[in-house]
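Let me begin by presenting the structure, written as C-alpha cells, before commenting on it.
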C-alpha cells in the first residue's frame with residue numbers, strides 16, 4: 284500500500300509542475316441573502332419540510348410506549364433498536380434551511396437519531412443560528428481537537444423521490460421529525 | 166466605418182435570401198458594406214469534427230480576407246462564434262479581425278445601438294435561441310429588442326426556446342434519430358405557441374426545424390431574423 | 002468503428018424512437034427543473050456561488066498533494082486508516098482484504114458511483130460476500146440486475162408501475178401499490194440488512210482536508226445507517242473529492258444540493274471523522290478511507306483538461322443535456338454518463354474505444370452553463386474530438402473527405418463549382434439518395450437558383466463602396482421611399 288501512496292503522490296507532484304489556467308476570480312459579495320428573524324425563518328422552513336413543532340411534551344410522549352432518549356428531559360425505556368421514538372438534543376438550529384445540527388455528543392451516538400421511526404429534538408430558542416456557515420463555525424469552535432466521530436445537519440425527515448420523483452417520507456430514517464422548545 | 170459582409174457557405178449556397186435581407190437592412194441604415202468574394206467557409210465543420218489543422222488553414226485565410234475592416238457582419242450566430250471564440254483558440258490569440266466579427270442582430274444592437282430598423286412583419290411568431298448565439302455570443306435580449314420594434318409582429322415565447330434543435334452539424338447525420346428526436350421536442354414546443362413563423366439567427370437551425378415541420382406537414386414556417394428585419 | 006461505438010449507435014437509435022422513455026424522462030426532468038430554479042433563487046448571487054466553488058476547486062486540485070497529505074494526517078490522528086489505490090483492482094483488493102480480516106459476510110452499501118467505477122459488487126460476490134445496495138434507486142437496480150441509469154437518480158427511467166411490477170414479483174407487493182407503500186416494502190426489507198451487516202461501504206461526496214472527515218449528502222438515511230450499525234466502515238473516494246476546509250461545506254453542500262436535486266440541503270448532510278470514539282455508545286470499531294487514482298492523475302497531468310477534476314458529481318449536466326434526455330443513461334454503457342461521462346470516459350478508459358461518446362453531442366453548451374463548478378464541458382468535448390482525430394481514430398474515408406473538402410474550400414472557384422453541383426443535385430432529387438440519414442425523417446430545403454455571390458456580382462453591389470457614417474444610436478430610422 285505504501286508503494287501505491289508514493290506512486291500516486293509522485294504522479295500528482297509531477298503533474299502539478301505544469302500550471303493550469305486559473306478561473307476568473309469570484310467577487311467577495313455574500314453568497315446568500317441575510318436572514319433577519321431567526322425564529323420566524325426557522326419555523327417557516329421547518330414547516331415546509333413537514334417538520335412538526337410541539338408545545339405539549341408529555342401529551343406527545345404518551346403515544347410512544349418505547350422511547351430511546353439521549354436527554355434528561357425525557358426518560359428512555361428502550362434499546363435504540365426497539366424504540367418507536369428517539370429523543371435527542373442538538374448543537375444548534377439553522378434558520379435559513381430549517382435544519383438541526385446534531386452530533387454523537389447530544390444525539391446519543393449515531394443510530395438513535397436515525398433508526399427509530401420518529402425523531403424528537405429537544406432544543407432551546409437560543410440555539411438558533413442563521414445558517415450552515417454559522418453552524419459549521421459553531422461546530423469548529425465547540426469541538427476543535429476533540430471531535431465527535433459523527434455529525435449531521437438534519438433538514439427534514441428521511442425522504443426519497445427515486446420512484447417517479449414522487450416524494451415519500453420515511454425511506455430508511457425517521458418518517459417524522461419533531462421539535463420541542465424548552466424555553 | 167468599413168464594413169465587410171461575411172456570408173457563411175451554406176447561406177451563400179442554400180439561403181441567399183438571408184444574405185440579401187441583411188444587405189437590404191444595412192442599406193436602409195445607410196451602411197454600404199463590401200463582400201470580399203474570396204471568402205468560402207469559416208471551417209466550423211472541420212473544427213467541430215476535430216480536424217483542427219484543416220480548420221486552422223481556413224482561419225488564417227479568413228484573417229487575410231477580412232483584414233482592414235472595422236466590422237465584419239455575419240447572418241449566422243454559429244459562424245460568428247466560430248470566428249470570435251474558436252479562432253483565438255485555433256490561432257493562439259484573438260486579433261482585431263476576430264474581435265470585430267459580429268452576428269447581424271448583435272451588430273445592430275450592440276455596435277450601432279439600433280433596435281428599430283423600420284421593419285413591418287404582421288404575424289404571430291416565436292423565437293428559437295440558437296445555441297451559439299445564446300451561449301457563445303451571449304445574445305438573448307438583443308434579437309427580442311429588434312423584434313419588439315417590428316410593426317405588427319406578435320412574439321410568443323416557446324417553453325423550449327433555449328433547447329438545442331438537434332442540428333449540431335455532422336451530428337445531424339451521424340446520430341440522425343437522436344438529432345430528429347431533439348428536433349421533435351423543439352417542433353412540439355413551437356406548435357404549442359400557435360406561431361405562424363419560427364425565427365432564428367441561425368439558418369442551420371431553421372433547416373433542421375423546417376425539415377421536421379415540413380415532413381410533419383405543419384403550417385408553421387421558418388424565417389431568418391434578417392428577413393424579418395428586412396420586411397416592410 | 003469499434004464494438005462499443007457500434008453498440009452505442011444502435012442503442013442510441015433505439016432509445017431515440019422510444020416515445021414512452023422520452024415522456025418519462027421529460028416528466029422527471031420537468032420536476033427537477035422547477036426545483037432547481039427555486040433552489041437557485043435562494044442564493045443572493047448564483048453565478049458568483051459557481052465562481053467561488055470553481056475557485057476553491059481550482060485551489061484544491063492544483064495543490065492536490067498538499068491536501069491529500071493533510072487529509073491523511075487528520076484521518077490518522079482521529080483513529081482512522083487511509084489506503085491508496087492506484088487502480089480499480091487495487092481498490093477491490095483492499096476491500097476484500099479488510100472483509101476477510103474481519104470475517105465479513107454481508108455488506109450494506111450507500112450509493113457510490115466510485116464503487117460502480119471499480120466494479121466492486123461482482124468482486125464481493127465472487128468472494129462469497131453479499132453486497133446489499135440500500136439507496137432505494139440502487140436497490141431497485143440491484144433487483145433488476147441493471148446498472149444505474151443516472152449518477153444521482155438511479156432509476157429515473159422507471160415509472161411507478163415498473164417498480165410495482167418488480168416488487169410484486171420479488172416481494173408480493175400489489176401491482177397498483179402507491180409509491181409510499183413500495184418504499185415501505187424496501188424499508189422493511191433493508192432494515193434487516195442494516196441490522197445484520199458486518200461492513201458498511203460508502204463513497205464520499207467530499208473529503209475534508211483540515212479535519213480529516215468525509216462528507217456524505219443523502220436523503221434517505223441509508224447512508225447514516227450504513228455508518229452507524231456495522232462494525233467496520235469503508236469509504237472509497239476519488240482523490241479529486243478533496244476540499245480544503247470544513248467551512249467550505251457552507252458553500253459546497255448547498256451548491257451540490259441545488260444542482261443535484263434542487264433542494265437547499267438534503268435531509269442528511271453527514272460528517273464521519275473516524276471510528277467510534279471513547280465514550281461513544283455506537284459506531285464502527287474501525288474506519289477506513291480508500292483514496293482512488295484510477296486515471297485521475299492522468300487528467301491532472303493535462304493542464305487543459307485539469308478542471309474536469311473539479312466535478313462534484315451533481316448530475317446537473319446530465320439533466321440539461323438534450324442528448325442524454327433522448328438516449329438515456331444506459332446507452333452510454335459506462336459508469337459516468339451524460340456530458341461529464343462523455344468528457345471523462347475517453348480519458349480514463351481509453352480514447353481508441355470511447356471517443357465516440359465525445360462525438361455524440363450537438364455541442365449546445367448547456368452543460369457548461371449549468372455546471373456549478375464551471376467546468377468547460379462542451380469545449381472539452383471538442384478537445385477530445387481534436388485528440389481523437391490527431392490520434393487517427395477516425396475512419397480513413399472521413400479523413401479523406403475532409404482533406405478533399407479543404408482542397409475545395411481553399412479555392413473560391415472550386416468552392417463555387419461545388420456549390421453549383423450541390424444545388425443541382427438537390428434540384429434533381431439526389432438528396433433522397435445521398436442524404437438518407439437526413440431525409441429519412443426530415444425534408445431538405447428547396448435549393449435556390451442563384452447563390453448569394455452570384456446575386457452580389459450581378460445586382461448586389463450596385464451601390465459603390467464608400468465610407469458612410471452609421472446612424473446615431475437608439476433613434477428610429479427614416480424609411481427610404
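Residue numbers (our numbering), protein chains in the order written: chain A, 284 to 466; chain B, 166 to 397; chain C, 2 to 482.
Ideal Cβ placement from N, Cα and C applies to all residues, glycine included.
Bear in mind that the values here come from a model prediction, so they are computed numbers and not experimental data.
Against chain B, the CB of residue 317 of chain C has no partner CB under 7 Å away; the residue lies outside that interface. B:293 is the residue among B:217, B:293, B:299 and B:300 whose C-alpha sits nearest the C-alpha of residue 321 of chain B.
Look at residue 317 of chain B here: in three-state DSSP terms it is strand. Residue 365 of chain C carries a coil assignment under DSSP once its states are collapsed to helix, strand and coil.
Under the 8 Å Cβ criterion, the region 258 to 265 of chain B does not count as touching the region 185 to 194 of chain B, having fewer than three qualifying pairs. Excluding the 5 residues flanking it on each side, residue 220 of chain B has same chain C-beta neighbours closer than 7 Å at 208, 211, 212 and 255, in chain order. Counting only Cβ-Cβ distances below 8 Å, residue 333 of chain C has no contacts in chain A at all, with the closest Cβ about 20 Å away. Along the region 372 to 413 of chain C, the alpha helix (DSSP H) occurs as fully enclosed runs of 4 or more residues at 378 to 391 and 397 to 410, listed in sequence order. Residue 82 of chain C places its beta carbon 7 Å or farther from that of residue 381 of chain C. A distance below 7 Å between beta-carbons, with the five flanking residues on each side excluded, links residue 440 of chain C to the following residues of its chain, in chain order: 432 and 433. A residue is called buried when at least 16 other Cβ atoms come within 10 angstroms of its Cβ; residue 95 of chain C meets this threshold and is buried. Nearest to residue 327 of chain C by C-alpha distance, out of B:296, B:331 and B:269, is B:331. When the Cα atoms are used, residue 181 of chain C and residue 191 of chain C turn out to be separated by approximately 15 Å. For residue 252 of chain B, there is no enclosing beta strand (DSSP E); the residue is found in the alpha helix (DSSP H) stretching over 252 to 256. As a beta-bridge residue in DSSP terms, residue 291 of chain B pairs with B:363.
Contact note: residue 384 of chain B does not reach chain C at a C-beta cutoff of 9 Å; the least C-beta distance is about 14 Å. The region 206 to 286 of chain C contains, as complete beta strand (DSSP E) runs of 3+ residues, the segments 207 to 209, 214 to 219, 233 to 239 and 269 to 273 (chain order).
Judged by DSSP secondary structure, residue 190 of chain C falls within the alpha helix (DSSP H) whose first and last residues are 180 to 197. Only buried fits residue 279 of chain B, as 16 or more other CB atoms lie within 10 angstroms of its CB. Neighbours of residue 448 of chain A in chain C, taken as residues at a C-beta separation under 7 Å, are given in chain order as 29 and 32. Around the beta carbon of residue 261 of chain B, fewer than 16 other beta carbons sit within 10 angstroms, so the residue counts as exposed. Note that the C-beta distance between residue 327 of chain B and residue 299 of chain B is below 7 Å. Distance from the Cα of residue 421 of chain A is smallest, within the candidate group A:360, A:376 and A:400, for A:376.
At a cut-off of 7 Å, the C-beta of residue 392 of chain A has a neighbouring C-beta in chain C. With a cutoff of 7 Å on beta-carbon distance, residue 207 of chain C and residue 237 of chain C are scored as not near each other.
A Cβ of chain C is located within less than 7 Å of the beta carbon of residue 312 of chain A. Using a Cβ distance threshold of 7 Å, residue 448 of chain C and residue 415 of chain C do not count as a contacting pair. For residue 335 of chain A, same chain residues with a beta-carbon under 8 Å away, outside a window of 5 residues either side, are 459, 460, 461 and 462 in chain order. If you draw a 10 Å sphere on the C-beta of residue 398 of chain C, you find fewer than 16 other C-beta atoms in it, and that means exposed. Interface criterion not met: the Cβ of residue 171 of chain B is under 7 Å from no Cβ in chain C.
Counting only residues of its own chain and dropping the five nearest sequence neighbours on each side, residue 171 of chain B has a CB closer than 6 Å to the CB of 237 and 239.
The beta strand (DSSP E) runs of length 3 or more contained entirely in the region 206 to 279 of chain B are, from start to end of the chain, 236 to 239 and 266 to 268. Taking a C-beta distance under 7 Å as the contact criterion, residue 351 of chain A and residue 366 of chain A qualify as a contact pair.
The criterion of a C-beta distance shorter than 7 Å is satisfied by residue 110 of chain C and residue 132 of chain C. Taking the Cα of residue 275 of chain B as reference, the smallest distance to any Cα among B:285, B:310, B:258 and B:296 is reached at B:310. Between residue 153 of chain C and residue 141 of chain C, the CB-CB gap reaches or exceeds 7 Å.
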